[in-house]
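Residue numbers (the working numbering): 8 to 347. Heads up, the beta-carbon is just placed ideally off N, CA and C, and yes, glycines get one too.
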Amino acid sequence: MKKNRQRSPQAKNFRLVLNLSLIAIALMAAMPFIGEVGSASTQATTTLGKWVGFLGAFHPLILHLPIGVVLLVLVMELAALFSRGRYQANTLLPLAFASISAVFASIFGYLLYLTGDCAGMLIEDHKRDGIIFTIVLIVTFLIKYRIELNKNNRWLPPVYVIGLITTTLTLISTGHHGGEITHGDPMDKAPWKAGSSTNAPQRTRHHGNDGQPSVDATPTYDPIVYTDIIAPILVEKCNKCHGDNKQKGGLRMDSYAALIRGGDYEECLVPGDIEKSTMISFLHLPLDDDLRMPPEGKPQLTEDEITILTWWVKEDAPEFKKLSEIPQTPEVEKALKSLQ
Ligand code: HEC
8 MKKNRQRSPQ AKNFRLVLNL SLIAIALMAA MPFIGEVGSA STQATTTLGK
58 WVGFLGAFHP LILHLPIGVV LLVLVMELAA LFSRGRYQAN TLLPLAFASI
108 SAVFASIFGY LLYLTGDCAG MLIEDHKRDG IIFTIVLIVT FLIKYRIELN
158 KNNRWLPPVY VIGLITTTLT LISTGHHGGE ITHGDPMDKA PWKAGSSTNA
208 PQRTRHHGND GQPSVDATPT YDPIVYTDII APILVEKCNK CHGDNKQKGG
258 LRMDSYAALI RGGDYEECLV PGDIEKSTMI SFLHLPLDDD LRMPPEGKPQ
308 LTEDEITILT WWVKEDAPEF KKLSEIPQTP EVEKALKSLQ
């Protein structure tokens, strides 16, 4: 048996493949300790920073390669299982391809992470799962390689099965967290959850049946302007990029304190000053301006919403005042009514 192994080219290459795999695993494990979040943002000025941002943008493209190929491997192995050996699944090359593309997807994903555009718990989970997935996948590939070299080995095939299952589970977890970051939790959109909203910490519902925060100017119901009127507008039009999952420009808009804190470069809310408050002035920039908010192609604010936000900032942007405690012009009253 030993003689045999030395002669086969696959056996000769195993050493090399093993060493390369170990280097890749070491790189994956070391990755979270290299670089610093935010060291490369869209505003990066250094050449390195610009490249990091540029390459990171390819993560969403590359990540689909390992997903597709790992699923193919599963289909092949299941076909082999159900055909009781009549179909022999040669999954070694697909596993090699999946491993290599997963390493690249992880590296590019990490570059994207370094831009700091996405932060929060979701991204940390996604990063951790992605790294574990890649390492488990490489180990599973190595086990498959050993099986190919020594088909008589009894204990390797069950280890391979465990490896494949673990790979699939970590793949699902990684993909789920990744999807949540870009598209929100798909379960929020489930038909049986009608009226449920995306995770919106500020959204308070007073009239529960339609799920929409409502504005009611009748004396029986006096809403807190920030919580019940302003925050829901921001949740709908701004928080996708300035909330829990993403902080474009380093800015969060999902709490009053965060509005006051502002972003990396701009003050977002300066109570009483609609010129300095970029959350107002950016709304009026031309559509093709980089700083136009919401950016071109994204759902825009209505005239009424702009009127209300501007009025609130001008009136010193109170956090706790009720509607009846802030003076309104007829124009604002009309906007508030039509927002219902
Ligand atoms: C589709 C994503 C997206 C949406 C939606 C969005 N923004 Fe932005 N926002 C960005 C990006 C990207 C930047 C960084 C732009 C840059 O610096 O070139 C940014 C930057 C900002 C900044 C400057 C932060 C800083 O310090 O650099 C403010 C203020 C801002 N946005 C306000 C808003 C407001 C108000 C809304 C809702 C009406 C909104 N944004 C909606 C993507 C978005």
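Asked	Found
Going by Cα to Cα distance, which pick from E84, Q95, A109 is closest to I169?	E84
Does the beta-carbon distance from F148 to T177 come in below 8 Å?	no
Can you give me the Cβ contacts of D229 inside the same chain, cut-off strictly under 6 Å, excluding the 5 residues immediately before and after it?	K329, L330, S331
Do A112 and I142 have their CB atoms nearer than 8 Å?	no
Quick one: is the Cβ of H183 within less than 7 Å of any heavy atom of ligand 1?	no
Quick one: is A36 buried, meaning 16 or more other Cβ sit within 10 Å of its Cβ, or exposed?	exposed
Starting from the Cα of K253, find the closest Cα among P239, L129, I74, I237 and give me that residue.	L129
From Q307 to T122, what distance separates their C-alpha atoms?	26 Å
Helix, strand or coil, according to DSSP, for A18 in the structure here?	helix
Once you ignore the five residues that flank D271 on each side, which residues in its own chain have a CB closer than 6 Å to its CB?	G256, G257
N159 to T173, Cα distance in whole Å?	24 Å
Tell me where the alpha helix (DSSP H) around D280 begins and ends.	Run containing D280: none; DSSP gives neither H nor E here.
How about P301: is its Cβ closer than 7 Å to a heavy atom in ligand 1?	yes
Once DSSP output is grouped into helix, strand and coil, what is the label at I287?	helix
Could you check how far apart the C-beta atoms of Y233 and E326 are, in whole angstroms? I think they sit under 8 Å.	5 Å
With the cut-off set at 8 Å, would you say Y152 and L72 are in Cβ contact?	no
For ligand 1, is there any heavy atom lying closer than 7 Å to the beta carbon of H190?	no
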